Every structure is written in C-alpha cells, then in structure tokens.
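In what follows, a single structure is set out as structure tokens and then discussed.
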Amino acid sequence: METTAAHPRSGTAPIVLGPNQPLARPYRGGAGIARFRGLPHIDDFTPEDFVGSTTEVHAGGGVGLTRLPDGVLLRDAILQDPVAYLGEEHVRRFGADPLLLLKLLDTGERLFVHYHPDDAFAAARLRAPRGKTEAWIVTAVADGVEGHADLGFSRDVSEEEVEHWFREQDVPDLLGAMNRVPLGVGDTLLVPAGLAHAIGAGVTLVELQQPSDLSILLEFEGFPALDRSSALLGLPEEVALSGLHRGAIDAERLAVLGAGRETDDDGRQRLFPAEADPFFRAERLHLSGDLRLAAGFSLLVVERGAGRIAWRDGSIDVAAGATLLVPHGAGDVVLSGDAAVLRALPPLPVG
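At position 338 of the sequence shown the residue is numbered 338 (full-length UniProt numbering), and the sequence of numbers has no breaks.
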C-alpha cells in the first residue's frame, strides 16, 4: 500500500487501520475477516474486528480500543484535539465522542440469541451513557451456507414464555418464535435496540453500532465463559428481561428494516432507513472515477476493487480489505479508482 504523504499532524490525514480483534470473545468466528483482509486466521475466538474504536468491551481493560500507527490510543488522540478529528459542529453538539463504532464481524457458528438495551434502559438500569442500536452490511457468505439472521418475534410473546426460554434454555422453541431473515452479499439490516436477534453461521458483515458493548443474552448454554449471571449483565432476571421487545415484528416492518435507497447519480447509495440517522449513517460508494467527499469524520471499508484516497497533503493507494479513518481535519478528500467503498458516519449534529 503506497502513500505519498509526509508525516502529518494527528487529525489532519486519513489513517490506515490494521486489525484490532479482541481475543476470547464468547463465540467462534474470524476466518471471514482474515479472508477479507488477506491475512492468516490465528484464533477461532476472534469473530470481531473493532475499527476506529473508542469503545472498550464490557469487561474493560482497554480491550477493543483502536491504537493508531504511532502507538497512541485513538480515544486519547481525539480527546487531545477533538475538533481536528470530529469537526466543530460535531464537538459542539456531542462533545469529544465520535458516537460511532464500526466492526467487521464473522460467525464461525450461529451467534447466541440476545438483545441490546436501548438508551433509557442503559441509563436507568446499567448507569451506562447509551444503549446499542446496530446495523449490518453483509460482505460474504461461506460456501454451502444459507446466510440468515433471526430477528424479532413473529408473534406477540408473553413474559412467561421469555422466562421459560431463558430458565430452561429452550432454544428450539425460542428460535421457532422468531423471524428468519435471509442474508446474502450486499444485504443490509437495521437492528433497533430491544429486538432479539442472532446471526447464522458463515456470515461476514460490516456492523455499525452505537459505541457500546452491552448485550443481554437469552441463550448462553454451550458458549464458553457464559453463565446465567453474565448473560444478564449481573441484573436480576426480571429486570434484565424487561427491556426485550416482545411484540410481533411483521413482514412490512422487516422490509423497512432491510430497506436501503437507490444509487444516486454520483455513485452514492444510502444503506439504512432514515430511523437509523439519530444513531449512525452509512453509504456505499460505487467508484468508477473520482468522487469528492466533504470534510467530516468517517470510517471507510474498501469492500471490493482498488483505488486511491487523496487529500490536500497526500494520497494513499487502497484495495479490498482495507479499513481507514478519515478525520475532519483532512478536509475534502477525493476517492478514485474502480472499487466499492463503505462509508460509515456519526449521527448528524442537528438540534
């Protein structure tokens, strides 16, 4: 990967980000991430790659935080010069917090059924600053696999049913009450906080989410290092399960959650419905020449092909599997080449 940039001040140039895969996550995966990045797969319990992360895993200890090529934690670099990274408008509205976490995620086995608390539950019950709405962009499905997710319930379910599923670990009955959603390459899906969900084995995706690592598990048997207490984040059962959305999610609602927009004339394709905007935004950039992007903090994933990102002080050649952070201080940047690039952005600083 060639760069013609000198050694710019932090926050003034795009940064290529290497792998950042926490060890010992409680489910298997990661081979798809290795294939995507063109690197060896080193551990079966590295199913997630935290990209441009200022977010620790729930256990803490700094795990999950992105370290920049100069050794400084991204979180610290942003705190030292938030305007350079995020821009004045963002800092005025949100402070020195990108409000965005991007992951590469790969399932070597079906992910356990779980849900993420919303903002109100996180604040009231966990003393956490935010919950976790997330969204997925599917980049690969393993050969011989029918990619899918289980999302929300296909009918209204009672508190008693949920308690039974959790206490007895009656996973077949739990999955039988959920919607099966096919997932193929290029598909997208918004997963609002509160919805039960699981991802089938053999799916590699890019995940945007609120910067939080809060999950309440309805299923824990058979997964290493998980038990009833950790599944509930240490909360009493009746409290932990009370944040779950038990109402039916019908086909019309599923279609909205999976809806994107048509590609604009300049090659930009918005990937998630408008209800995602208060949490994050994403677009797929279909490059067949030059495309100028206005100054702003973003995270880029080169989905396929190869190209170049140029700014006022230099340029970088990029290819499929690369991940980059573009700080606001880089100014306008120009993407060129023959490639598809995913661009993740924070919520709009409005209001």
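Where is the CB? At the ideal position from N, CA and C, for every residue including glycine.
Nothing here was measured: the structure is a model prediction, and the numbers come from that model.
Own chain partners of residue i with C-beta closer than 7 Å, once the 5 adjacent residues on each side are dropped
i, result
"F279", "T133, Q210 and P347"
"residue 423", "Past the edges of the chain, shown from 1 to 351, lies residue 423, and the structure says nothing about it."
"S215", "H114 and H116"
"R75", "T54 and L65"
"G131", "H116, P117, D118, D119, F121, A122, A193, Q210, S212 and L214"
"F45", "L23, A24, R25 and R28"
"V63", "P22, E56 and V57"
Per-residue burial, residue i [other beta carbons within 10 Å of its own, 16 or more giving buried]
i, result
"Q80", "exposed"
"D338", "exposed"
"A251", "exposed"
"S229", "exposed"
"L23", "exposed"
"G95", "exposed"
"G144", "exposed"
"R304", "exposed"
Which of helix, strand or coil DSSP assigns to residue i
i, result
"V301", "strand"
"L79", "helix"
"Y85", "helix"
"H41", "coil"
"E109", "coil"
"I199", "strand"
"L235", "coil"
"D173", "helix"
"F94", "helix"
"D119", "helix"
"H245", "coil"
"H114", "strand"
"E275", "helix"
"L217", "strand"
"G32", "helix"
For residue i, the first and last residue of its enclosing alpha helix (DSSP H)
i, result
"E161", "E159 to E168"
"V256", "A251 to L257"
Own chain residues within Cβ distance below 6 Å of residue i, not counting five before or after
i, result
"L293", "V333"
"V301", "V206, T323 and L342"
"E219", "F112, V113 and V171"
"G11", "D81, A84, Y85, P327 and G329"
"D290", "V334 and S336"
"A225", "P26"
"R281", "L345"
Cutoff 8 Å; reference residue i; Cβ partners in own chain excluding five residues on either side
i, result
"H179", "The question names His, but residue 179 is Asn in the sequence shown. Closer than 8 Å at the Cβ level, and outside the excluded window around N179, lie D150, L151, G152, F153, S154, I249 and L254."
"S288", "G267 and D338"
"L126", "P117, L214, L233 and L235"
"A77", "S10, G11, L68 and Y85"
"L175", "V113, D150 and A198"
Range of the contiguous beta strand (DSSP E) that encloses residue i
i, result
"V138", "E134 to V141"
"A319", "G314 to A319"
"E283", "R281 to L287"
"E48", "E48 to V51"
"T188", "T188 to V191"
"Q269", "R268 to R270"
"T323", "T323 to V326"
"A340", "V333 to L345"
"H148", "H148 to F153"
"D290", "D290 to L293"
"R180", "M178 to P182"
"V16", "I15 to L17"
(message) For the pair the region 12–20 and the region 36–49, tell me if three or more CB-CB distances fall below 8 Å.
(response) yes
(request) For the region 211–230 and the region 54–74, state whether three or more C-beta atom pairs, one from each stretch, are separated by less than 8 Å. (result) The region 211–230 vs the region 54–74: in contact.
(message) Using 8 Å as the cut-off, can you tell me whether the region 179–191 makes contact with the region 91–110, which would need three or more C-beta pairs spanning the two stretches below that distance?
(response) no
(request) Count the C-beta pairs between the region 237–249 and the region 155–162 that are closer than 8 Å, then say yes if the count reaches three, no if not. (result) Enough Cβ pairs lie closer than 8 Å, so yes.
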